[in-house]
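Asker:
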Amino acid sequence: MLDKIIGVEEAARLWNLSPGYIKNLCATGKLECKKIGKTWIILKDQPNPKNKTHTK
213 MLDKIIGVEE AARLWNLSPG YIKNLCATGK LECKKIGKTW IILKDQPNPK NKTHTK
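In the numbering used here, each number is its position in the sequence shown, counted from 1, plus 212.
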């Protein structure tokens, strides 16, 4: 299970986006993620958000 999740920094490197943008996507519900304390836990196997049109 833990191999299917990543943090903000790893997601930023994986998707070539800034960590701040990743946090914003998490906060607005545009990524499959969960906040635990101050840390966003992101599902790794979702498509790159910059290739996706957001309708939420």
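Ideal Cβ placement from N, Cα and C applies to all residues, glycine included.
Mind checking K268: buried by the 16 CB within 10 Å criterion, or exposed?
Answerer: Interpretation of K268 is limited by its pLDDT of 48, a score under 50 that renders its predicted location unreliable; the figure taken from the coordinates is listed afterwards. Exposed.
Asker: Grouping DSSP H, G and I as helix and E and B as strand, with all else coil, what is L226?
Answerer: Reduced to three states, the DSSP call for L226 is helix.
Asker: Can you give the Cα-Cα distance for I254 and M213, rounded to whole angstroms?
Answerer: Their backbone Cα atoms lie some 12 Å apart in a straight line.
Asker: CA-CA distance, G241 and D257?
Answerer: Whole-angstrom Cα-Cα distance: 16 Å.
Asker: How many angstroms separate the CA atom of N228 from the CA atom of K250?
Answerer: So the two alpha carbons sit approximately 22 Å from each other.
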